[in-house]
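Structure record follows, encoded as structure tokens.
In this note's numbering, the protein residues as written are 2 to 236.
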């Protein structure tokens with residue numbers, strides 16, 4: 002496929018960088034500029050319950066912060082993933098760009114982000130999504146689609162805004178300008194990678210692959226990462 006300006010090299014550098022998350026930021030930024038897919042920041046997140054039984058789903062990676070050493074995503078704390086992270090606060094994640102032939106794998110403990118960070122991101126979401134976060138008891142059973150739509154309509158009336166299903170056109174233009182606070186059951190998570198793997202597809206399945214590992218020290222607001230150890234892997 003044609004490569005836009007600033008396309009990173011088609012191989013990992015011979016001398017692997019000391020820190021992998023900065024390269025992950027570069028890859029994500031390029032994938033976003035290239036518009037490789039509707040959600041270039043889509044990330045498969047795998048968690049496990051207290052019995053060790055895994056589950057996986059797609060979330061959106063909202064930030065990679067090399068200087069802090071974490072990856073941020075947001076969700077309903079009462080969802081299945083939220084319950085599993087409460088019981089077993091550890092996760093693995095994969096970002097894969099098939100048309101670009103690249104992949105990022107992340108593994109590490111997970112903590113909740115601060116209320117201030119969650120509030121700021123929630124306020125930046127489209128108002129329809131904020132209504133949906135209040136109306137949906139994510140992962141809980143519901144009898145029909147109609148009941149869900151009724152819950153959304155009740156929530157819209159509660160906040161004095163139109164029902165999202167009745168509003169057409171651009172979400173920003175249709176914003177009624179009514180404050181909709183973040184529900185207490187919704188917010189951010191930080192994944193603190195202790196393992197990062199970067200993968201570039203090669204010809205004849207001779208892929209370029211490397212893994213970085215580091216120790217983590219628990220801190221009040223999350224973790225502090227130690228020195229990364231880089232290892233090139235066979236495909």
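Even for Gly, the Cβ is constructed at its ideal location relative to N, Cα and C.
| Asked | Found |
| --- | --- |
| Which runs of the beta strand (DSSP E) spanning at least 3 residues fall entirely within the segment 145-219, listed in chain order? | 187-192, 196-201, 209-214 |
| Can you check whether the CB of residue 72 is closer than 8 Å to the CB of residue 192? | yes |
| Indicate the three-state DSSP secondary structure (helix, strand or coil) for residue 53 in the structure shown. | coil |
| Relative to the alpha-carbon of residue 11, which residue among 42, 215, 30, 202 has its alpha-carbon at the smallest distance? | 202 |
| Report the rounded CA-to-CA distance for residue 144 versus residue 84, giving the unit in angstroms. | 22 Å |
| Kindly indicate which three-state DSSP category residue 46 falls into: helix, strand or coil? | strand |
| Have a look at the DSSP bridge pairing and note the partners of residue 97. | 104 |
| Using DSSP with H/G/I as helix, E/B as strand and the rest coil, what is residue 78? | coil |
| Mapping DSSP to helix, strand and coil, what is residue 64? | strand |
| Using 10 angstroms around the beta-carbon of residue 110, count the other beta-carbons present and answer buried if the total reaches 16, otherwise exposed. | buried |
| Given residue 106, which residues of its chain have a CB within under 6 Å of its CB, disregarding the five upstream and five downstream residues? | 95, 198 |
| Which residue wins for smallest C-alpha separation from residue 115, given the options 137, 75, 127? | 75 |
| Quick one: what does DSSP say residue 17 is sitting in, helix, strand or coil? | coil |
| If you run the structure through DSSP and keep just helix, strand and coil, what is residue 92? | strand |
| So, with DSSP's three-state summary, where would you put residue 70? | coil |
| Bridge partners of residue 232, per DSSP? | 212 |
| What are the boundary residues of the alpha helix (DSSP H) that includes residue 227? | Taken as a continuous stretch (DSSP letters only), residue 227 belongs to no alpha helix (DSSP H), as it is neither H nor E. |
| Compute the Euclidean distance between the alpha carbons of residue 159 and residue 61, then round it to the nearest angstrom. | 28 Å |
| Kindly examine the ligand HEM and report whether one of its heavy atoms sits closer than 7 Å to the Cβ of residue 23. | You won't find the ligand HEM in this model; it holds no ligand whatsoever. |
| Are there 16 or more other CB atoms within 10 angstroms of the CB of residue 230, so buried, or fewer, so exposed? | exposed |
| Can you tell me whether residue 137 is buried or exposed, with buried defined as 16 or more other CB within 10 angstroms of its CB? | buried |
| Please report the residue range of the alpha helix (DSSP H) in which residue 36 lies. | Where residue 36 is concerned, there is no enclosing alpha helix (DSSP H), given that its DSSP letter is neither H nor E. |
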